[in-house]
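Under the working numbering, the very last position in the sequence shown is 1099; numbers go up by exactly one each time. Quick reminder that beta carbons are idealized off the backbone N, C-alpha and C, glycines included.
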Amino acid sequence: MLPRRLAAAQINICARRAGFSTGAKLGSSGAAEQMAVRAGLVLQRDPIVMQQAKGFEVSADRYFGWLDYMTAERFPRDFFFKKGSTAEAKWMELEDQRANDWFFDPKTKPEFKSVKRKVIVDEIGGKQQADKGPTINTVDVHPRETEADAAGDVRSLERKLDRTLYLLVKVGSQWVFPQGAVEAEEALHQAAKRNLRDACGGEMDVWTVGHGPVGHHEAGDRTTTFFIKGHILRGQAKPASALASDFRWVTREEVESAVSPEYWGSVKDMLSSI
826 MLPRRLAAAQ INICARRAGF STGAKLGSSG AAEQMAVRAG LVLQRDPIVM
876 QQAKGFEVSA DRYFGWLDYM TAERFPRDFF FKKGSTAEAK WMELEDQRAN
926 DWFFDPKTKP EFKSVKRKVI VDEIGGKQQA DKGPTINTVD VHPRETEADA
976 AGDVRSLERK LDRTLYLLVK VGSQWVFPQG AVEAEEALHQ AAKRNLRDAC
1026 GGEMDVWTVG HGPVGHHEAG DRTTTFFIKG HILRGQAKPA SALASDFRWV
1076 TREEVESAVS PEYWGSVKDM LSSI
């Protein structure tokens, strides 16, 4: 059975589509009471990079990697490496690091035996034969902290690359998700996208997840806002000053600190913790 408030909203939408005036809300006595329905869009930018492992995750990954190493068949290095080559020297260095690890009782740790062997000398030249191997193209790894992070630019989509960001707009003195009225003959997802376009310009490509709401918020003025989930694919917000004076892309924790406690209570379950 649909909750009473959701059923009332469906009645309200159906009434507008049928050409009636404003919809109705079912009260405790079943009488129709005036209400207003609005549509909002929870627009998010998904994480761009994976989060770095921390604490227990790092320890667990190292432990299971060590278990795989201890239970694996011994590596036939004489078959894969040329004696005295650079590749063999690097493998021996890594092998010694792995062999020296021990995650059980230190008293039971076996005696460490290095796999390194003496450098082979060229019988003719009297020098070690260096196997340089193929040329390797290195990849420059960019830092996780971007210029937007360093500058504290909350309007940039290039901040907090490992977190989900949400678009908030400032309406009056309140920070909210882009939202507005539902016009006649308009479905919720259509109204949500139109309200986003009206408030933040038409320079964003947006994909909405389905046509049904993922949550709602009831304001004190007898207004209920239903939220549609969406993803930004391209572009940036350029708010219209008449509808939104400012915008920012924020994490879940930053949403909580920006919006009112009542608003946060309604929207928190719609937001990702990542």
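Which whole-angstrom value is the C-beta distance of VAL1001 and VAL1007, which I expect to be below 8 Å? The residue given as residue 1001 occupies position 176 in the sequence shown. The residue given as residue 1007 occupies position 182 in the sequence shown. Contact doesn't hold; Cβ gap of about 16 Å is too wide.
Could you tell me the alpha carbon to alpha carbon distance between TRP927 and LYS934, rounded to whole angstroms? The count along the sequence shown starts at 1 and reaches residue 927 at position 102. The count along the sequence shown starts at 1 and reaches residue 934 at position 109. In a straight line, the C-alpha of TRP927 is about 6 Å away from that of LYS934.
List the whole-angstrom C-beta distance separating LEU986 from ALA1062, where the pair is believed to meet the contact cut-off of C-beta under 8 Å. The residue labelled residue 986 in the question sits at position 161 within the sequence shown. The residue labelled residue 1062 in the question sits at position 237 within the sequence shown. That pair is no contact at about 18 Å.
Rounded C-alpha distance that separates VAL867 from PRO931: As a first step, residue 867 is located in the sequence shown; it is residue number 42 there, counting from the start. As a first step, residue 931 is located in the sequence shown; it is residue number 106 there, counting from the start. Spanning the two alpha carbons is a distance of roughly 53 Å.
Through-space distance from ASN925 to MET917, alpha-carbon basis: Start at 1 with the first residue of the sequence shown, and residue 917 comes out as number 92. Start at 1 with the first residue of the sequence shown, and residue 925 comes out as number 100. Taking the straight line joining both Cα atoms gives about 12 Å.
As assigned by DSSP and simplified to three states, the class of LYS932: Residue 932 sits at position 107 when you count from the first residue of the sequence shown. Three-state result, LYS932: helix.
Using the three-state DSSP reduction, which class does ALA1067 fall into: helix, strand or coil? Counted from its first residue, the sequence shown places residue 1067 at position 242. Here ALA1067 sits in coil by DSSP.
Contacting residues, own chain, Cβ-Cβ under 6 Å from ALA975 (five flanking each side not counted): Locating residue 975 in the sequence shown gives position 150, where the first residue counts as 1. For ALA975, where only same-chain residues beyond five positions count, there are no Cβ hits under 6 Å.
Is GLY1055 helix, strand or coil by DSSP? Taking the sequence shown and counting its residues from 1, the one referred to as residue 1055 is at position 230. Strand at GLY1055.
Excluding five sequence neighbours on each side, which residues of the same chain lie with their C-beta closer than 6 Å to the C-beta of GLU983? For the purposes of this step, residue 983 is identified with residue 158 of the sequence shown, where counting begins at 1. Contacts found: THR971, ALA973.
Rounded to whole angstroms, how far is the Cβ of PRO1038 from the Cβ of LEU1021, which I believe are closer than 8 Å? Translated into positions along the sequence shown, residue 1038 becomes position 213. Translated into positions along the sequence shown, residue 1021 becomes position 196. So it is not a contact: roughly 15 Å between Cβ atoms.
Quick one: measure Cβ to Cβ for THR1049 and MET860, integer angstroms, because I've assumed they're closer than 8 Å. Taking the first residue of the sequence shown as position 1, residue 1049 is located at position 224. Taking the first residue of the sequence shown as position 1, residue 860 is located at position 35. Between MET860 and THR1049 the Cβ distance is about 6 Å, and since that is below 8 Å, they are a contact.
Could you say which of GLU1087, SER1091, GLY1090, GLU1078 lies nearest to SER1098 if we only look at CA atoms? For this step, residue 1098 is matched to residue 273 along the sequence shown. Checking every option, the nearest Cα to that of SER1098 belongs to GLU1078.
Looking only at its chain, what residues have a beta carbon closer than 6 Å to the beta carbon of SER1091, apart from the 5 residues adjacent to it on each side? The sequence position of residue 1091 within the sequence shown is 266, counting from 1. Excluding positions up to five away in sequence, the list reads HIS1042.
Taking Cβ positions, are THR989 and GLN869 nearer each other than 7 Å? By one-based count along the sequence shown, residue 989 stands at place 164. By one-based count along the sequence shown, residue 869 stands at place 44. Going by C-beta atoms, THR989 is nearer than 7 Å to GLN869.
Taking only three categories from DSSP, how would you classify VAL1092? For the purposes of this step, residue 1092 is taken as the residue at position 267 of the sequence shown. VAL1092 falls in the helix class under three-state DSSP.
Within 10 Å of its beta-carbon, does PHE1052 have 16 or more other beta-carbons around it, so buried, or fewer, so exposed? The sequence position of residue 1052 within the sequence shown is 227, counting from 1. The residue is buried, with at least 16 neighbouring Cβ atoms inside 10 Å.
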